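Worksheet: the structure to be examined is printed underneath.
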Amino acid sequence: RTLASSTDQQAPERAPAGPPPGRPGGYGYPAAAPSAGPTGAPPMPSAPPPGVRPGPTPMGSRPGAAPGPAAGGRMRHWIEINGARHQISRPTLVLGRSTEADVRIDDPGVSRRHCEIRTGTPSTIQDLGSTNGIVVDGQHTTRATLRDGSRIVVGSTTIIYRQAEG
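All residue numbers for the sequence shown refer to our numbering, where the first residue is 1 and numbers rise by one.
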């Protein structure tokens with residue numbers, strides 16, 4: 001279980017999150033040069049539209065390359081809270097204020113078991129009967145489909161949902 005504190009959210013003057021100085025970036029990527037924008041995952045590769053099967057390998061593609069998620073490839077899922085990454089390694093992840101939650105959010109506006117993220121095709125988020133509800137990409141809702149970069153607000157905490165091949 002991990003703890004995400006909402007107290008850091010009110011500090012916009014804080015330096016961008018990243019690995020300690022002198023250490024390489026996380027998840028096998030080199031550390032990015034500091035920038036004004038938020039740090040994030042590498043860009044998503046293009047994929048066929050949902051329901052369309054990948055066709056023959058185009059010329060110039062690497063032979064023997066790993067298949068994409070539609071053909072049984074592996075997709076990584078994680079959330080970012082106040083610059084901290086929390087890997088989603090199971091089919092479901094419960095967020096809340098309780099020590100029983102998979103990711104604990106220290107925010108008085110968050111219920112003990114506030115919401116649950118389910119990874120899959122597509123990944124979804126479900127409110128678990130919280131007092132204050134969830135907002136996904138600006139819409140107050142009880143259930144939503146998540147995409148890479150979706151912004152989830154619980155209490156006064158903003159969570160970014162991320163996914164990428166690998």
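Using N, Cα and C, we set each Cβ at its ideal position, and we do this for glycine too.
A quick note: this is a predicted structure, and the numbers were derived from the prediction, not measured.
Could you tell me whether any non-hydrogen atom of the ligand SAM is closer than 7 Å to the CB of residue 163? As far as ligands go, the structure on display features none, and thus does not contain the ligand SAM.
Enumerate in chain order the residues of its own chain whose CB-to-CB distance from residue 116 is below 8 Å, with the five nearest sequence positions on each side excluded. Translated into positions along the sequence shown, residue 116 becomes position 116. Only 92, 93, 94, 95, 125, 126 and 128 meet the Cβ criterion.
C-beta contact flag for residue 110 and residue 155 at 8 Å: Counting from 1 along the sequence shown, the entry for residue 110 is found at position 110. Counting from 1 along the sequence shown, the entry for residue 155 is found at position 155. Yes, these two residues count as a Cβ contact at 8 Å.
Nearest candidate by alpha-carbon position, reference residue 146, set 118, 130, 157 and 158: Here the question's residue 146 lines up with position 146 in the sequence shown. Nearest C-alpha to residue 146: 118.
For residue 124, does the three-state DSSP call read helix, strand or coil? Taking the first residue of the sequence shown as 1, we reach residue 124 at position 124. Per DSSP, reduced to three states, the secondary structure at residue 124 is strand.
Flag this pair as yes or no: are the beta carbons of residue 159 and residue 79 separated by less than 8 Å? On the sequence shown, position 159 is the one that residue 159 refers to. On the sequence shown, position 79 is the one that residue 79 refers to. Yes. Within cutoff.
What's the gap between the Cα of residue 138 and the Cα of residue 149? Translated into the one-based positions of the sequence shown, residue 138 becomes position 138. Translated into the one-based positions of the sequence shown, residue 149 becomes position 149. Roughly 13 Å separates the two Cα atoms.
Cβ of residue 88 within 8 Å of Cβ of residue 105? Here residue 88 refers to the residue found at position 88 when the sequence shown is read from its first residue. Here residue 105 refers to the residue found at position 105 when the sequence shown is read from its first residue. Taking 8 Å as the Cβ cut-off, residue 88 and residue 105 do not qualify as a contacting pair.
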